[in-house]
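Chemist: Protein sequence lines, in the order shown, are assigned to chains A and B. Under numbering that gives the first Met the number 0, think of the first position of the first sequence as 0, with each following residue one higher. Under numbering that gives the first Met the number 0, think of the first position of the second sequence as 0, with each following residue one higher. Built from N, CA and C at the ideal position, the CB exists for glycine as well. From a predicted model like this one, the values you see are computed outputs, not experimental measurements. Supplied in structure tokens, the structure appears directly below.
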Amino acid sequence: MPVKAKSAPASVHKSARKKLGIRNNWDYLIFIIPVILYFLIFCYGPMYGVQLAFKRFNPALGITSSPWIGTDNFERLFGSFQFARILKNTLVINLLKTFISFPIPIILALMFNEIRRERLKKTFQTITYAPYFISTVVFVGIINLFLTGENGYINNVLEMFGIAPIPFLTSPDYFSGVYVGSDIWRNSGWNSIIFIAALSGVDPQLHESAQIDGASRFKRIIHVNLPCIMPTIVIQFILQMGKMMTLSYERILLMQNSLNIEASEVISTYAYKTGLINMDYGFSTAVGLFNNVINIVLLLAANKIAKRYSSSSLF
Amino acid sequence: MEAASQRIRESQGDRVFLTITYILIGILVLAILYPLIYVVSASLSDPKLVISGKVGLIPKGFNLEAYQRVFMNHEIWIGYRNTILYAVIGTAVNIALTMMGAYPLSRRNFPWRRSCMVFFTITMFFSGGIVPMYLLVRDLGLYNSMWALILPTAINVYNMIVARTFLETTIDEQIYESAYIDGCSNIRAFFSIVLPLSAPIMAVLVLFYAVYHWNSYFEAMIYLKDRTLYPLQLFLREILVMNQSDNVMMDSIEMDTSKFLVAEGVKYAVIIVSSVPILMLYPFLQKYFVKGMMIGALKG
Chain A
0 MPVKAKSAPA SVHKSARKKL GIRNNWDYLI FIIPVILYFL IFCYGPMYGV QLAFKRFNPA
60 LGITSSPWIG TDNFERLFGS FQFARILKNT LVINLLKTFI SFPIPIILAL MFNEIRRERL
120 KKTFQTITYA PYFISTVVFV GIINLFLTGE NGYINNVLEM FGIAPIPFLT SPDYFSGVYV
180 GSDIWRNSGW NSIIFIAALS GVDPQLHESA QIDGASRFKR IIHVNLPCIM PTIVIQFILQ
240 MGKMMTLSYE RILLMQNSLN IEASEVISTY AYKTGLINMD YGFSTAVGLF NNVINIVLLL
300 AANKIAKRYS SSSLF
Chain B
0 MEAASQRIRE SQGDRVFLTI TYILIGILVL AILYPLIYVV SASLSDPKLV ISGKVGLIPK
60 GFNLEAYQRV FMNHEIWIGY RNTILYAVIG TAVNIALTMM GAYPLSRRNF PWRRSCMVFF
120 TITMFFSGGI VPMYLLVRDL GLYNSMWALI LPTAINVYNM IVARTFLETT IDEQIYESAY
180 IDGCSNIRAF FSIVLPLSAP IMAVLVLFYA VYHWNSYFEA MIYLKDRTLY PLQLFLREIL
240 VMNQSDNVMM DSIEMDTSKF LVAEGVKYAV IIVSSVPILM LYPFLQKYFV KGMMIGALKG
């Protein structure tokens, strides 16, 4: 007690905070424990189930007691004729997505930033966000209505110009194009929000001094705006890489049909089908685990590159 | 800045550049808007004209038959009811748990702050995969119940981090300190300081989570068996993607061609009927979610 009293005058404020803090800590647990329980059950619980990748699942025995079979499931995956195809499709769709649909929201944000009339800007933004709020099912429904072979809207228009109908949805050649194109239509506006937000943080004085030096609008975008939002771009890019193999399989699943399956089967849809439709639990888990490992490797690689060449990184 | 750019006269090059920008944005906005308007006008038109490609932005052969069929179908109503139910309960659970997690994480005097963050963030990048998740849901007895759609997705880590950042940046440390000195506990602080000050972030969370629940179909597809539990999206999937609209069309139509035409018309109408509520909601919430994304962007 006397010791405490001695140290108190040095910084009353600080010690008061510390003491009160420790005394009050227990009640934070009331808030955090349900949250931790959620993560333990629904996020770490399935991670426990990942061992199925190395097991032959027997429903009677459950996850823990099913027999180990080593890397059989993985050997089956790597040996399967499907493997090269699903890996290629996943990579093609993702690379297209990363290099075509990733830059568009940034360009969009830079363009929006040039509009000085606030009302116009807001209206335009409202319109570009709108497709994001359409559900995946409805979105794929719209794609179908527009692109089906004979009486789809686009082919009707092409017909007026005397062009033969294009089998957008029923040929493997067009799948990745349709996927990425529709992705741009739906998500560009929404994805631009984060860059617009970053642009609003650019110091106006930088623009003023650049203007005095005679920089044109275009030059100011390149030399002022772009460097200022670079950290945001890098972070978003890393996150995008991390999601690379996950894709939105919900959408691909809906866009798939027996005619385009050659180009539309990706790792995640394959995991769904082998697991929940064919009930091949161990094998499907192995496919999922393979997917996950590639994801993490790509994420870490992107993060490392970002760390080396720019000051920003995720961790 | 506004004043400055007016003082310095725009050069010829700048004006050209600006014009090009406006034109590009114009084209882009039209490209986004056109399909949406087309769907509206097609839903109000004679399906025969729609299929033959005669309908543009203005409805032709105005008729509401497709809407009548959609509204007469009782499964659409079941879907609507279920979706609203899941969205309301699900969002309430989401918000409660997200705020409960965000609050201690935002407090500097919470000792396990860092370790909890690591524990939560790992799950953003690594997951068990679809089969272990499915088995877990089944073993917990959630299969074929609405809780399968609510509990496994009760917290989104990204949203929780956004909420934490909001609390950290908007609520001043000194407010807590003076409350502590008045004998306030952390529980009390949550209810009388944090909740009243976090209306903007809760609006963002409501939007994010409600849109998620409204639009999700995959969990429902794998976890639900009874059609009476189906959310709207699963019925939409049957009509729009799998072309199984028999029950929407009722049985009275005999001729195959007219059956086909009605089915096509129904597709457009069902898109409108299911998307309007969420599209109506979002312009009002726009300023909130832009703010929310901004918080996420700056400190994400």
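Cβ of B:Leu196 within 8 Å of Cβ of B:Ile94?
Modeler: Your numbering for residue 196 of chain B matches position 197 in the second sequence. Your numbering for residue 94 of chain B matches position 95 in the second sequence. Cβ distance not < 8 Å, so B:Leu196 and B:Ile94 don't count as in contact.
Chemist: So what's A:Lys54 in DSSP terms, helix, strand or just coil?
Modeler: Reading the first sequence from its first residue, position 55 is the one you call residue 54 of chain A. In this structure, A:Lys54 counts as strand in the three-state DSSP scheme.
Chemist: Does the Cβ of B:Gln67 lie closer than 7 Å to at least one heavy atom of the ligand ATP?
Modeler: Summarising the ligand content, the structure contains no ligands, and the ligand ATP is consequently not present.
Chemist: How about B:Phe61 and B:Leu32: are their beta carbons less than 8 Å apart?
Modeler: For this step, residue 61 of chain B is matched to residue 62 along the second sequence. For this step, residue 32 of chain B is matched to residue 33 along the second sequence. No.
Chemist: Measure the CB-CB distance between B:Ile238 and B:Val269 and report whether it falls below 8 Å.
Modeler: Counted from its first residue, the second sequence places residue 238 of chain B at position 239. Counted from its first residue, the second sequence places residue 269 of chain B at position 270. Their beta carbons are under 8 Å apart, which means B:Ile238 touches B:Val269 by this criterion.
Chemist: Just the chain B side, please: which residues come within less than 8 Å of A:Met46 by C-beta, in chain order?
Modeler: Looking up residue 46 of chain A in the first sequence gives position 47. Chain B residues near A:Met46: Phe125, Ser126, Gly127 and Pro131.
Chemist: In the DSSP assignment, find the alpha helix (DSSP H) that holds B:Tyr229 and state where it starts and stops.
Modeler: Start at 1 with the first residue of the second sequence, and residue 229 of chain B comes out as number 230. Element bounds for B:Tyr229: n/a, residue is neither H nor E.
Chemist: Since A:Ala197 and A:Ile165 should fall inside the 8 Å C-beta cutoff, what is the C-beta to C-beta distance between them, to a whole number of angstroms?
Modeler: One-based indexing of the first sequence puts residue 197 of chain A at position 198. One-based indexing of the first sequence puts residue 165 of chain A at position 166. Actually they do not touch by this definition, with Cβ atoms about 39 Å apart.
Chemist: Quick one: which chain E residues come within Cβ less than 9 Å of B:Pro195?
Modeler: Any reference to chain E falls outside this structure, whose protein chains are A and B.
Chemist: B:Thr108 to B:Glu172, Cα distance in whole Å?
Modeler: Working through the second sequence from its first residue, we reach residue 108 of chain B at position 109. Working through the second sequence from its first residue, we reach residue 172 of chain B at position 173. The sequence as given places Asn at residue 108 of chain B; Thr does not occur at that position. Looking at the two C-alpha atoms, the distance is approximately 10 Å.
Chemist: Quick check: what's the CA-CA separation for B:Lys59 versus B:Leu35?
Modeler: Position 60 of the second sequence, counted from the start, is the residue given in the question as residue 59 of chain B. Position 36 of the second sequence, counted from the start, is the residue given in the question as residue 35 of chain B. Taking the straight line from one Cα to the other gives about 16 Å.
Chemist: Using only CA atoms, which one of B:Trp213, B:Gly78 and B:Ile57 lies nearest to B:Ile149?
Modeler: For the purposes of this step, residue 149 of chain B is taken as residue 150 along the second sequence, with counting starting at 1. Closest option to B:Ile149, Cα to Cα, is B:Trp213.
Chemist: Taking DSSP as the reference, what is the three-state secondary structure of A:Trp189?
Modeler: The residue labelled residue 189 of chain A in the question sits at position 190 within the first sequence. Here A:Trp189 sits in helix by DSSP.
Chemist: Can you give the beta carbon distance from A:Val233 to A:Ser311, rounded, assuming they're within the 8 Å contact cut?
Modeler: Looking up residue 233 of chain A in the first sequence gives position 234. Looking up residue 311 of chain A in the first sequence gives position 312. Contact holds; Cβ gap of about 5 Å.
Chemist: Report the partner residues of A:Trp67 according to the DSSP bridge assignment.
Modeler: For this step, residue 67 of chain A is matched to residue 68 along the first sequence. Note: A:Trp67 sits in a beta bridge opposite A:Lys54.
Chemist: If you draw a straight line from the alpha carbon of B:Ala219 to that of B:Trp146, how long is it in whole angstroms?
Modeler: Mapped onto the second sequence, residue 219 of chain B falls at position 220. Mapped onto the second sequence, residue 146 of chain B falls at position 147. Their backbone Cα atoms lie some 10 Å apart in a straight line.
Chemist: Using CA coordinates, which residue listed in A:Leu288, A:Thr125, A:Arg84 and A:Ser191 is at the minimum distance from A:Asn259?
Modeler: Within the first sequence, the letter at position 260 stands for residue 259 of chain A. Per the Cα distances, A:Arg84.
Chemist: Please confirm if A:Cys42 has its CB atom under 8 Å from at least one CB of chain B.
Modeler: The count along the first sequence starts at 1 and reaches residue 42 of chain A at position 43. So yes, A:Cys42 belongs to the interface.
Chemist: Can you tell me the Cβ-Cβ gap for B:Ile57 and A:Asn150, rounded? I've got them flagged as a contact below 8 Å.
Modeler: Sequence index remark: in the second sequence, residue 57 of chain B carries index 58 (1-based). Sequence index remark: in the first sequence, residue 150 of chain A carries index 151 (1-based). About 19 Å separates the two Cβ atoms, so there is no contact after all.
Chemist: Since A:Asn190 and A:Pro130 are thought to touch, with beta carbons under 8 Å apart, how far apart are those beta carbons, to the nearest angstrom?
Modeler: Position 191 of the first sequence, counted from the start, is the residue given in the question as residue 190 of chain A. Position 131 of the first sequence, counted from the start, is the residue given in the question as residue 130 of chain A. Going by Cβ atoms, the distance from A:Asn190 to A:Pro130 rounds to 12 Å, so no, they are not a contact pair.
Chemist: Suppose you measure from the CA of B:Phe288 to the CA of B:Phe16; what does that come to, to the nearest Å?
Modeler: As a position in the second sequence, residue 288 of chain B is number 289, starting the count at 1. As a position in the second sequence, residue 16 of chain B is number 17, starting the count at 1. Roughly 31 Å separates the two Cα atoms.
Chemist: Closest to A:Leu90 by CA distance: which of A:Ser263, A:Ala285 and A:Asp279 is it?
Modeler: For the purposes of this step, residue 90 of chain A is identified with residue 91 of the first sequence, where counting begins at 1. That would be A:Ser263, whose Cα lies nearest to the Cα of A:Leu90.
Chemist: Pick from B:Thr122, B:Gly55, B:Met116 and B:Gly78: whose alpha carbon is nearest that of A:Ile295?
Modeler: Your numbering for residue 295 of chain A matches position 296 in the first sequence. Nearest of B:Thr122, B:Gly55, B:Met116 and B:Gly78 to A:Ile295, Cα basis: B:Thr122.
Chemist: First and last residue of the alpha helix (DSSP H) that includes A:Arg115?
Modeler: The residue you call residue 115 of chain A lines up with position 116 of the first sequence. Careful: A:Arg115 lies outside any alpha helix (DSSP H) and carries neither H nor E.
Chemist: Taking 8 Å as the cut-off, decide whether the C-beta atoms of A:Gly140 and B:Leu23 are in contact.
Modeler: Translated into positions along the first sequence, residue 140 of chain A becomes position 141. Translated into positions along the second sequence, residue 23 of chain B becomes position 24. Cβ distance not < 8 Å, so A:Gly140 and B:Leu23 don't count as in contact.
Chemist: Along the alpha helix (DSSP H) that carries A:Asn291, what are the first and last residues, could you check?
Modeler: Translated into the one-based positions of the first sequence, residue 291 of chain A becomes position 292. Tyr280 to Tyr308 is the span of the alpha helix (DSSP H), which, as asked, contains A:Asn291.
Chemist: Would you mind working out which of B:Thr18, B:Ala262, B:His73 and B:Ile200 sits nearest B:Val240, comparing C-alpha positions?
Modeler: On the second sequence, residue 240 of chain B is found 241 positions in, with the first residue counted as 1. If you compare the alpha carbons of B:Thr18, B:Ala262, B:His73 and B:Ile200 with that of B:Val240, the shortest gap goes to B:Ala262.
Chemist: Measure the C-alpha to C-alpha separation of A:Ala301 and A:Gln50 and round it to an integer number of angstroms.
Modeler: The sequence position of residue 301 of chain A within the first sequence is 302, counting from 1. The sequence position of residue 50 of chain A within the first sequence is 51, counting from 1. Approximately 28 Å between the Cα atoms of the pair.
Chemist: B:Phe109 by DSSP, collapsed to three states: which one?
Modeler: Locating residue 109 of chain B in the second sequence gives position 110, counting from the first residue. Note: B:Phe109 maps to coil in three-state DSSP.
Chemist: Check whether the Cβ of B:Ser40 lies closer than 8 Å to any Cβ atom in chain A.
Modeler: Counting from 1 along the second sequence, the entry for residue 40 of chain B is found at position 41. Taking Cβ atoms only, chain A never reaches closer than 8 Å to B:Ser40, which makes this a no.
Chemist: Looking at chain B, which residues of the segment 226 to 238 of chain A have a Cβ within less than 9 Å of any of its Cβ atoms?
Modeler: Thr231, Ile234, Gln235 and Leu238
Chemist: Closest to B:Ile26 by CA distance: which of A:Thr63, A:Arg75, A:Ile32 and A:Leu107 is it?
Modeler: Counting from 1 along the second sequence, the entry for residue 26 of chain B is found at position 27. Nearest of A:Thr63, A:Arg75, A:Ile32 and A:Leu107 to B:Ile26, Cα basis: A:Leu107.
Chemist: If the cut-off is 9 Å on Cβ atoms, which residues from the segment 271 to 285 of chain B count as contacting chain A, listed in chain order?
Modeler: Ser273, Ser274, Ile277, Leu278, Leu280, Tyr281, Pro282 and Gln285
Chemist: Distance check for A:Phe111 and A:Asn186, CA to CA, integer angstroms please.
Modeler: As a position in the first sequence, residue 186 of chain A is number 187, starting the count at 1. As a position in the first sequence, residue 111 of chain A is number 112, starting the count at 1. Each residue's Cα considered, the two are about 16 Å apart.
Chemist: Quick one, which of A:Ser309, A:Lys306, A:Thr273 and A:Ile35 has its alpha-carbon nearest A:Phe82's?
Modeler: The sequence position of residue 82 of chain A within the first sequence is 83, counting from 1. Residue A:Thr273 is the option with its Cα nearest to A:Phe82.
Chemist: For A:Thr63, count the other beta carbons within 10 Å of its own beta carbon; 16 or more makes it buried, fewer makes it exposed. Which is it?
Modeler: In the first sequence, residue 63 of chain A corresponds to position 64, counting from 1. By the 10 Å Cβ count, A:Thr63 comes out exposed.
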